Amino acid sequence: MIVASPKPVTELKKLIARHDKVLFVGCGTCVTVCLAGGEREVGIASYAMRMARKIEGQPLELTQITIERQCENEFIKDLAEPASKTDAIVSFGCGAGVQAIAERFPHKPVYAALNTQFLGILEEQAVWTEKCLGCGDCMLAEFGGICPVTRCAKRMLNGPCGGSTEQRCEVDADRPCAWQLIYTRLKNINQLDRLDTIVPPKDWRPSWHAGARKIVRPEHRV
Amino acid sequence: MTKTKLARTLASGRLAITAECRPPRSGDAAAIKKLSAALPPGLDAVVVADNHAEIHGSALACAAILAAEGHAAVLSMVTRDRNRIALESDALGALALGVDAILCLSGDHQSLGACPRAAGVFDIDSVQFAQALNRMRREGLDFNGRKVDPLPEWLVGAAAHPNLQPIELNLLRLKKKVAAGADFVLTQAVTDLASFTRWMDAVREAGLDQHVAIIAGVPVVGGGEMAAQLKSVPGVRGIHVFNGGCESLAAGVIQQAGLA
Numbered sequence: 014m015i016v017a018s019p020k021p022v023t024e025l026k027k028l029i030a031r032h033d034k035v036l037f038v039g040c041g042t043c044v045t046v047c048l049a050g051g052e053r054e055v056g057i058a059s060y061a062m063r064m065a066r067k068i069e070g071q072p073l074e075l076t077q078i079t080i081e082r083q084c085e086n087e088f089i090k091d092l093a094e095p096a097s098k099t100d101a102i103v104s105f106g107c108g109a110g111v112q113a114i115a116e117r118f119p120h121k122p123v124y125a126a127l128n129t130q131f132l133g134i135l136e137e138q139a140v141w142t143e144k145c146l147g148c149g150d151c152m153l154a155e156f157g158g159i160c161p162v163t164r165c166a167k168r169m170l171n172g173p174c175g176g177s178t179e180q181r182c183e184v185d186a187d188r189p190c191a192w193q194l195i196y197t198r199l200k201n202i203n204q205l206d207r208l209d210t211i212v213p214p215k216d217w218r219p220s221w222h223a224g225a226r227k228i229v230r231p232e233h234r235v
Numbered sequence: 016m017t018k019t020k021l022a023r024t025l026a027s028g029r030l031a032i033t034a035e036c037r038p039p040r041s042g043d044a045a046a047i048k049k050l051s052a053a054l055p056p057g058l059d060a061v062v063v064a065d066n067h068a069e070i071h072g073s074a075l076a077c078a079a080i081l082a083a084e085g086h087a088a089v090l091s092m093v094t095r096d097r098n099r100i101a102l103e104s105d106a107l108g109a110l111a112l113g114v115d116a117i118l119c120l121s122g123d124h125q126s127l128g129a130c131p132r133a134a135g136v137f138d139i140d141s142v143q144f145a146q147a148l149n150r151m152r153r154e155g156l157d158f159n160g161r162k163v164d165p166l167p168e169w170l171v172g173a174a175a176h177p178n179l180q181p182i183e184l185n186l187l188r189l190k191k192k193v194a195a196g197a198d199f200v201l202t203q204a205v206t207d208l209a210s211f212t213r214w215m216d217a218v219r220e221a222g223l224d225q226h227v228a229i230i231a232g233v234p235v236v237g238g239g240e241m242a243a244q245l246k247s248v249p250g251v252r253g254i255h256v257f258n259g260g261c262e263s264l265a266a267g268v269i270q271q272a273g274l275a
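Protein sequences, first through last, are from chains Y and U.
Throughout, my numbering is defined as the position within the first sequence, counted from one, plus 13.
Throughout, my numbering is defined as the position within the second sequence, counted from one, plus 15.
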């Protein structure tokens, strides 16, 4: 899923400082699961923002709503009515959600309440880790299902760097070295021979290096 | 191998002596010439660091000036800071300026010192870079398959990490560097002779020392004593002094090790 974190309340307050009527929009999908932008988080942020503005003598008229998915127009259309009564929209969705709403409301300011961070998994309670960069050309088969493009700080495709110590990444001692994991995994599945040959330079064209990507699947178009 | 001084020494079977040079954070060529004068004369190579741990002046410019001053310069190039276009282009440019040996490195991660807020490039890794330089000198082809004329006669180096465990993974990585066409590998600074010797034993057992010249690095502090011992470890073909930015100290380490 897409993992995001809430922006600090002080930053959020600054974002909407020029508005008196705002709509806070939560998203019921990924950011609800990662406890960043669901109904509950929107409620907490709304309460904090109302309090802060009241203390400052600049009360905020705030409406809150959470839609199923901010990344789909089908759900965004539910915002039309509440949005018409506000000066600005604050999206608690991921970056895709924020932009989808901004496209749908071209004359209304739309702000991001979250910092969208990565595609990852819930590792343990309230701990998420990044697993995929969305590079567009999945190489996981070559690396025993562990992605060095995402999980190695130097995106090394041919083994660990010299900083791999005690099985930890030199950049963050709290993070395992992806290459140590790859080695162990390939060994466990009897595929260590995959490390015998040099992996050629990656073709980055399917990645974001060529600009924002688009997928068209004709078989699903009607 | 090429006509590079380091290549000749390695081919002769003599122990190669090399030292590090960190380019000054300055745009003044005189500052580089000052470093040049501080380095011991007659080294088989001065390995010029590429923005190691902080932003320095250009390693390429420094290496070119050192070469013009009579040193045999090895240019370190990190894949952290350049994509494949810039790496190949700068390597060719270095050769045109008299720098005919490249040490292919991934580079310390930028967050560890060079510039913590910077984005790292890491378009290719050091093995792929070494392989690309090898392909260029053998087949005369760049990354796009376009002809490079004449064939660049450069020496290709890579890093080796004696402390990287487990040893099986360590050797797999070293084998890739050999397969990529590295002529020499420079180890990290050795501070533990026993563990280095164990690594060298494994390297010799795998026969890798027959395909690549291993140059053992020593730190400037205690380096003389360490180098004196490393030079007799079977398979060690050279000694490199990591002088940590104190170029004038390299001579003392070399003398103390009885290598002068």
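Backbone N, C-alpha and C define an ideal beta-carbon position, used for all residues, glycine too.
Here the structure is a predicted model, which means the values were calculated and not measured.
Annotation: U:Glu-69 to U:Val-63 spans about 14 Å, alpha carbon to alpha carbon. The closest CA to that of Y:Leu-199, considering only Y:Val-184, Y:Asp-209, Y:Phe-156, is found on Y:Phe-156.
A distance below 8 Å separates the beta carbons of U:Lys-48 and U:Glu-84. The alpha-carbon of U:Lys-191 is positioned some 21 Å away from that of U:Arg-97. The beta carbon of U:Thr-202 is closer than 6 Å to those of Ala-175, Pro-177, Ala-231, Gly-232 in its chain, skipping five residues each way along the sequence.
One finds Ile-211 in chain Y with Cβ atoms closer than 8 Å to the Cβ of U:Ala-195, taken in chain order. Rounded to whole angstroms, U:Val-218 and Y:Arg-234 show a C-alpha spacing of 58 Å. Within the model, the alpha-carbon separation for Y:Leu-208 versus Y:Trp-221 is close to 27 Å. Scanning chain Y for C-beta atoms nearer than 9 Å to the C-beta of U:Gly-135 yields Ala-166, Lys-167, Arg-168, reported in chain order. Scanning chain U for C-beta atoms nearer than 7 Å to the C-beta of Y:Cys-160 yields nothing, as the closest lies near 14 Å away.
According to the DSSP assignment, Y:Met-62 belongs to the alpha helix (DSSP H) that extends over 52-68. Around the C-beta of Y:Thr-23, fewer than 16 other C-beta atoms lie within 10 Å, and the residue is accordingly described as exposed. Per the C-alpha coordinates, the member of U:Ile-80, U:Leu-81, U:Ala-45, U:Pro-39 positioned closest to U:His-67 is U:Pro-39. Neighbours of U:Ile-139 across chain Y, judged by C-beta separation under 7 Å: Pro-214. As the crow flies, the alpha-carbon of U:Glu-35 is around 51 Å from that of Y:Val-111. Counted as a single uninterrupted DSSP element, the beta strand (DSSP E) harbouring Y:Trp-141 occupies residues 140-145.
With its beta carbon less than 8 Å from one in chain U, Y:Cys-174 belongs to the interface. Interface annotation, U:Ala-106: not in contact with chain Y, CB-CB separation never under 8 Å. Using a CB distance cut-off of 8 Å, U:His-124 counts as an interface residue toward chain Y.
The bridge partners DSSP lists for U:His-255 are U:Thr-33, U:Gly-232.
Here the segment 23-37 of chain U makes contact with the segment 249-263 of chain U; the two share three or more CB pairs at distances below 8 Å.
Residues of chain Y whose Cβ lies closer than 7 Å to the Cβ of U:Leu-179 are, in chain order, Pro-173, Gly-175, Ser-177.
Assigned with DSSP and collapsed to three states, Y:Arg-181 falls in strand. For chain Y, the residues of the segment 156-168 of chain U that bring a beta carbon within less than 8 Å of one of its beta carbons are Phe-158, in chain order. Between the alpha carbons of U:Gly-237 and U:Ala-53 lies a distance of about 20 Å. In the assembly as shown, U:Ser-104 is an exposed residue. Its beta-carbon has fewer than 16 other beta-carbons within 10 Å. At a cut-off of 8 Å, the C-beta of Y:Leu-146 has no neighbouring C-beta in chain U. Nearest neighbour of Y:Lys-20 by Cα position, chosen from Y:Ala-49, Y:Cys-43, Y:Ala-30, turns out to be Y:Ala-49. With a threshold of 8 Å between beta carbons, U:Arg-132 makes no contact with chain Y.
At least 8 Å separates the beta-carbon of U:Asn-149 from that of U:Ala-82.
Every alpha helix (DSSP H) of 4 residues or more that sits fully in the segment 138-173 of chain U is shown, in chain order, as 141-154. Per DSSP, the unbroken alpha helix (DSSP H) holding U:Ala-242 starts and ends at 238-245. Per DSSP, Y:Phe-88 is one residue of the alpha helix (DSSP H) stretching across 86-89.
Chain-order list of chain U residues neighbouring Y:Leu-208: Leu-187, by C-beta distance under 7 Å. Distance from the CA atom of Y:Arg-66 to the CA atom of Y:Gly-51, rounded to whole angstroms, is 22 Å.
Contact between Y:Thr-79 and Y:Val-55 is confirmed by a C-beta separation of about 6 Å, below the 8 Å threshold.
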